[in-house]
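A.B. asks: With our numbering, letter number 321 in the sequence shown gets 321, and the count goes up by one each step, no holes.
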Amino acid sequence: MYNTKAYSAASATSPLASDTIARRDPTEHDVRIEILFCGICHSDLHSVRNEWSDFMSTTYPIVPGHEIVGRVTQVGSAVTKYKPGDLVAVGCMVDSDGDCPRCKAGLEQFCQDVIFTYNSPDKHLGGVTYGGYSDSIVVDQRFVLRVPENLDLAGVAPLLCAGITTYSPLRHWGVTEGKKVGVIGLGGLGHMGVKFAHAFGAHTVVFTTSPNKTEDALRLGADEVVISRNADEMQKHAGSFDFILDTVSAKHDINAYLNLLRLDGNITLVGAPENPLDVAAFSLIMARRSLSGSSIGGIPETQEMLEFCGEHNITADVEVIPIQKVNEAYERLLKSDVKYRFVIDITSLKSE
1 MYNTKAYSAA
11 SATSPLASDT
21 IARRDPTEHD
31 VRIEILFCGI
41 CHSDLHSVRN
51 EWSDFMSTTY
61 PIVPGHEIVG
71 RVTQVGSAVT
81 KYKPGDLVAV
91 GCMVDSDGDC
101 PRCKAGLEQF
111 CQDVIFTYNS
121 PDKHLGGVTY
131 GGYSDSIVVD
141 QRFVLRVPEN
151 LDLAGVAPLL
161 CAGITTYSPL
171 RHWGVTEGKK
181 VGVIGLGGLG
191 HMGVKFAHAF
201 GAHTVVFTTS
211 PNKTEDALRL
221 GADEVVISRN
231 ADEMQKHAGS
241 FDFILDTVSA
251 KHDINAYLNL
261 LRLDGNITLV
271 GAPENPLDVA
281 AFSLIMARRS
291 LSGSSIGGIP
301 ETQEMLEFCG
311 EHNITADVEV
321 IPIQKVNEAY
331 ERLLKSDVKY
341 RFVIDITSLK
351 SE
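(1) Check each candidate in Met286, Asp264, Ser96 and name the one with the smallest Cα separation from Pro121.
(2) Can you give me the C-alpha to C-alpha distance between Gly126 and Arg23, rounded to a whole angstrom?
(3) Closer than 8 Å is the cut-off here; do at least three beta carbon pairs connect the segment 54-72 with the segment 165-174?
(4) By alpha-carbon positions, which one of Val320, Leu333, Lys350 ends up nearest to Asp152?
(5) Look at Ile35 and Val63 and say whether their C-beta atoms are less than 8 Å apart.
(6) For the structure I just gave you, are there three or more beta carbon pairs, one from the segment 277-296 and one from the segment 254-261, closer than 8 Å?
(7) May I ask you to report which of helix, strand or coil DSSP gives Lys325?
(8) Exposed or buried, what is Val28 when buried is set at 16 or more other beta-carbons lying within 10 Å of its beta-carbon?
(9) In three-state DSSP terms, what is Gly70?
(10) At a cut of 8 Å, does the segment 286-293 reach the segment 99-111 through at least three beta carbon pairs?
(11) Which of helix, strand or coil does DSSP assign to Lys5?
(12) The beta strand (DSSP E) that contains Tyr242, what's its start and end?
(13) Going by beta-carbon coordinates alone, are Thr268 and Leu159 separated by less than 8 Å?
(14) Express the C-alpha separation of Val79 and Asp54 in angstroms, rounding to a whole number.
(15) Please confirm whether Ala154 and Val343 have their CB atoms less than 8 Å apart.
(16) In the DSSP assignment, the beta strand (DSSP E) including Asp19 goes from what residue to what residue?
(17) Span of the beta strand (DSSP E) holding Ile267?
(18) Tell me the start and end of each unbroken beta strand (DSSP E) in the segment 18-59 that is at least 3 residues and wholly inside, in chain order.
(19) Using a Cβ-Cβ cutoff of less than 7 Å, which residues in the same chain neighbour Asn275 once the five nearest sequence positions on both sides are dropped?
(20) Measure from the alpha carbon of Asp246 to the alpha carbon of each residue in Asn230, Gly293, Gln235, then state which is nearest.
(21) Out of curiosity, what's the CA-to-CA distance linking Arg85 and Val31?
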């Protein structure tokens, strides 16, 4: 066991502050990683403030962070995939049972015993796992991912959550060249959805309530931008979409988008509104449409996504901050005052 610097929150109302935490010494299957960058996900904020207590109550102190990019510094005796010096990443998971049908299918994110990167039971040290707002982390090699050398490392960090969250449903529902795809919302998730849909060759349409986002949507790869409050603009697209990715976490009328789907079209939710959405049955029935949800992806698909990003030079649009500004970043995140993801330069921890 060794100690490492971190930022943690002591309670739901406490700011994140400098701390020292324990990490396990690498076992034979482990990889020790010096963390270089860690993205800030909205779920970090929810977890720190215990706003998802009905789903997963927070254990304090909490060290958030599940969009981790770093460099290998040590490997266990049985590690074959990595060596010191390799650029690697860690996403939302650090372990699972490995034996269930879901794990064997490469769908570890749906394992009943999945261990998340933070605030999950730590079978090695007791207590809970601690995330990437820290100097280093030790992870089983099965949950370590290889990072393409040509990508900007700060921009890679959000790919480990925002990236795979949007890539996975686009792949699952067969988005390819010739498909018409909508992306609802242009935030941290939405901007990645636009980049991926464009790279897959789909005709990509962004739906937004903000006309001032039109220019940016087009820059990111959208072919069209629809102001969703304009009924006439929406009606022009009725019954024409193969797939729509819904990234919005605020309350909105899902039926307005269901009616834009063609026969057998699908909308997948990756945003998580606090209150249930009202779904009109006939919006689904009359054209055999479907409404589904998706979380992250499994380890094989996440590696595939990173390689796809390397081939197409795709990274997130980020604002890099020192860790000392993390609480300010949380407040700005609540106001959607970032284009499009905050990423912490973890080397700033050295000055603590």
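Using N, Cα and C, we set each Cβ at its ideal position, and we do this for glycine too.
C.D. replies: In short, the structure shows the following:
(1) Ser96
(2) 11 Å
(3) no
(4) Val320
(5) no
(6) yes
(7) helix
(8) For the sequence presented, residue 28 should be read as Glu rather than Val. Exposed: under 16 other Cβ atoms inside 10 Å.
(9) strand
(10) no
(11) strand
(12) Contrary to the premise, residue 242 reads as Asp rather than Tyr in this sequence. Start and end: 241-246.
(13) no
(14) 38 Å
(15) yes
(16) 17-23
(17) 261-269
(18) 30-39
(19) Lys251
(20) Gly293
(21) The question names Arg, but residue 85 in the sequence shown is Gly. For Gly85 and Val31, the distance between alpha carbons rounds to 11 Å.
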